[in-house]
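Heads up: the sequence shown runs through residues 1 to 296, numbered per this note's numbering.
All C-beta atoms in this analysis are idealised placements derived from N, C-alpha and C, irrespective of residue type, glycine included.
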Amino acid sequence: MHIGFLGLGNMGGPMALNLLKAGHALTVFDLSDTAVANLVEAGATAAASPAELAQADVEVIITMLPAATHVKRVYLGDDGLLANVRPGVLLIDSSTIDPHSAREVAKTALAQGNAMLDAPVSGGTGGATAGTLTFMVGGAPSAFEHAQPILAAMGKNIVHCGGTGNGQVAKVANNMLLGISMIGVSEAMALGVSLGMDASVLAGIINTSSGRCWSSDTYNPFPGVLETAPASHGYSGGFGTDLMLKDLGLASEAAKQIGQPVILGALAQQLYQSFSAQGNGGLDFSAIINLYRKDA
Ligand code: NAD
């Protein structure tokens, strides 16, 4: 299949490479010449603009952009995708953006004859490279069926979450819970260690007791508890504090639009915000435990 891919960054680059490996023909665009050159070297064709990409004979277009402003510009701009794509081409946006913006862009696309799916991912850059991402997909069932084999070249779990925007809903709800649970585990671990317990013994108790969660048993924030966790490697790599902050911002914004209280989500957002303001935005989000550790 001939696919257009726009946004070849940390996630989009390896995702596009996996589509090439699966035998698809790719036409690509990014503002970064280096990102485009990497894909061209692997066999993709470069487009000079979103308009040129949309006018290439593609059957599907996938976008992987930083935030809603970029998505709106690329899709709705005068020289953007929607102004240039022929009807019938399936559009898939895998960027993490707020559900409201995803619904707004998809509605405009559908009105001109282009089905559109929101398909944000979890799994990070490791999952993008390994082709094991989870896709949370919102949109019409027929569009989902069309997209499934394409997404399967980049991911392991492809889940239809319901109508347009629901992929983004699933993503913001999960990441809000992750942000909150990491703070909860940090608070409990710091308290236990300050009261005299060994961190690994405490983690072992939590992980076989009712406090267990992904933040405690797979990604424990206390250094030395889990060799594979960023906490044991100076909080480098992993999922950056500023990316978590972005996702918590999306959750509280979405909640505000419908008058839904997200009390712990808002508090978590403030804690990551103050941690980021102290110059820690580039550290893995589990470094939030340093807000609590007297010895850190
Ligand atoms: P990134 O900043 O590495 O890549 C974004 C790419 O988009 C860049 O190459 C940039 O040049 C390009 N771009 C920006 N504006 C453009 C435009 N107008 N036209 C063409 N290209 C443009 O970001 P990323 O880490 O790849 O993340 C992409 C999305 O995936 C974000 O929404 C992020 O929240 C989400 N996400 C990231 C991770 C992660 O671990 N990095 C995990 C899950 C989801």
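Along the chain, where does the beta strand (DSSP E) that runs through residue i open and close?
i, result
"D217", "Premise fails: D217 lies in the alpha helix (DSSP H), W214 to D217, not in any beta strand (DSSP E)."
"H2", "H2 to L6"
"M116", "M116 to D118"
"V28", "A25 to F29"
"D93", "L90 to D93"
"V60", "V60 to T63"
Nearest CA to the CA of residue i: which residue from the options?
i, options, result
"A296", "S194, S216 and C213", "S194"
"S252", "Q269, A48, S209 and F239", "Q269"
"V40", "A16, A190, S49 and A68", "A16"
"A37", "K21, G13 and L267", "G13"
"S142", "G88, G127, Q112 and K156", "G88"
"V159", "S122, G127 and A68", "S122"
"A298", "D78, M244 and T69", "Absent from the structure is residue 298, since the part of the chain shown begins at 1 and ends at 296."
"D78", "S49, A68, V60 and E227", "S49"
"H310", "I61, A188 and L291", "This structure gives no information on residue 310, because the portion of the chain shown stretches from 1 to 296."
"L117", "M189, A128 and Q148", "Q148"
"Q257", "V169, A67, T129 and L178", "V169"
"A130", "R86, E227, C161 and K21", "K21"
"R86", "I205, G4 and F144", "G4"
Do the CB positions of residue i and residue j come within less than 8 Å of each other?
i, j, result
"A56", "A47", "yes"
"A115", "L151", "no"
"G51", "T27", "Residue identity differs from the one stated: residue 51 is Ala in this sequence, not Gly. No. Outside cutoff."
"R103", "G165", "yes"
"L76", "T108", "yes"
"L8", "D33", "no"
"S236", "P223", "no"
"G167", "G196", "no"
"A54", "N18", "no"
"L250", "V172", "yes"
"L82", "Q112", "yes"
"D247", "N175", "yes"
"R293", "A190", "yes"
"G163", "A188", "no"
"V58", "H2", "yes"
By Cβ distance below 7 Å, which residues in the same chain neighbour residue i in space, the five residues on each side in sequence not counted?
i, result
"V71", "T63, L65, D93, S95, I97, S101 and V105"
"D217", "N207"
"N290", "A296"
With a CB to CB cut of under 8 Å and the five nearest residues on each side skipped, what residues in its chain are close to residue i?
i, result
"I288", "M182, I183, S186, P221, T241, L271, Y272 and F275"
"T125", "N10, M11 and P14"
"P261", "A255"
"F135", "S94, A119, P120, V121, L151, M154, G155, N157, I158, V159 and G167"
"G192", "A199 and L202"
Just to confirm the assignment, what range does the alpha helix (DSSP H) spanning residue i have?
i, result
"V105", "P99 to A111"
"V36", "D33 to E41"
"T228", "First-last for T228: undefined, no H or E at that position."
"V71", "A68 to L76"
"D242", "T241 to I258"
"I288", "That residue, I288, is in no alpha helix (DSSP H); it is neither H nor E in DSSP."
"P50", "P50 to Q55"
"F222", "F222 -> no alpha helix (DSSP H), and no H or E assigned at all."
"T200", "Note that residue 200 is Ser in the sequence shown, not Thr. Counting along the chain, the alpha helix (DSSP H) containing S200 begins and ends at A199 to N207."
"Q273", "I263 to F275"
"P14", "G12 to K21"
Might you give, ordered along the chain, the residues of its own chain that have their beta carbon closer than 6 Å to the beta carbon of residue i, omitting 5 neighbours on each side?
i, result
"S215", "S181, M182 and V185"
"L283", "Y235 and T241"
"A203", "N220 and V225"
"A229", "Y219 and N220"
Where in the segment 122-188 do unbroken runs of the alpha helix (DSSP H), each at least 4 residues long, occur, reported from the N-terminal end onward? 124-130 and 141-151
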